[in-house]
Amino acid sequence: MPRTLQVFNRSQNTKLVTSGVVADNPWARLVGLMGKRSLPDGFGLLLRNEAAIHTFGMRIPIDVVYLDRVGIIVRITETMPPARFGPLVRGARDVLELPAGTLSRTHTRVGDQLELNLS
1 MPRTLQVFNR SQNTKLVTSG VVADNPWARL VGLMGKRSLP DGFGLLLRNE AAIHTFGMRI
61 PIDVVYLDRV GIIVRITETM PPARFGPLVR GARDVLELPA GTLSRTHTRV GDQLELNLS
């Protein structure tokens, strides 16, 4: 059973993820969000030990957050379309995939501190 996830942006005092999933093995990271037709508000997928992603096999755009080892945002990509390669982000340890528009709505930006609650 996948681990669940909640994410709070401490810098902006907002919740980014209320009901998410952790992909912490190679198969879960490979499958990711492929084939999804929509993502509900409050959803997020945390890809552990990743510094780059792609959106091949995805049907929807997503917001992407690259985090360092202590949860500080080192790069963001808003509304990344399907069938794209994302950059290899130096200093990133984890990647958080969110519904498109989440970063704009929550005013999340590079340098913000995220709190990850895994269960």
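First residue of the sequence shown? That's 1 in the numbering used here, and the numbers climb one at a time after it. Glycine included, each C-beta is placed from N, C-alpha and C at the ideal position. All figures in this text were calculated on a predicted structure; none of them were measured in a lab.
Residues of its chain near Val65, where Cβ-Cβ distance is below 6 Å and the 5 sequence neighbours each way are ignored
Your numbering for residue 65 matches position 65 in the sequence shown. Correct list, in chain order: Ile73, Ile76 and Leu96.
Only counting the same chain, and skipping five residues up and downstream in sequence, which positions put a Cβ closer than 6 Å to that of Ser119?
Numbered from 1 along the sequence shown, position 119 holds the residue referred to as residue 119. Thr4, listed in sequence order.
Quick check: what's the CA-CA separation for Asp68 versus Arg84?
Residue 68 sits at position 68 when you count from the first residue of the sequence shown. Residue 84 sits at position 84 when you count from the first residue of the sequence shown. Each residue's Cα considered, the two are about 22 Å apart.
Measuring CA to CA, which of Arg29, Pro61, Gly57 and Asp63 is closest to Leu47?
On the sequence shown, residue 47 is found 47 positions in, with the first residue counted as 1. Taking only the C-alpha atoms, the option nearest Leu47 is Arg29.
If you draw a straight line from the C-alpha of Leu88 to the C-alpha of Leu33, how long is it?
Residue numbering aside, residue 88 sits at position 88 when the sequence shown is read from its first letter. Residue numbering aside, residue 33 sits at position 33 when the sequence shown is read from its first letter. Going from the Cα of Leu88 to the Cα of Leu33 covers about 19 Å.
Return yes when the C-beta of Glu97 is under 7 Å from any heavy atom of the ligand ATP, and no when it is not.
As presented, the structure is devoid of all ligands, the ligand ATP included, so that no description of it is given.
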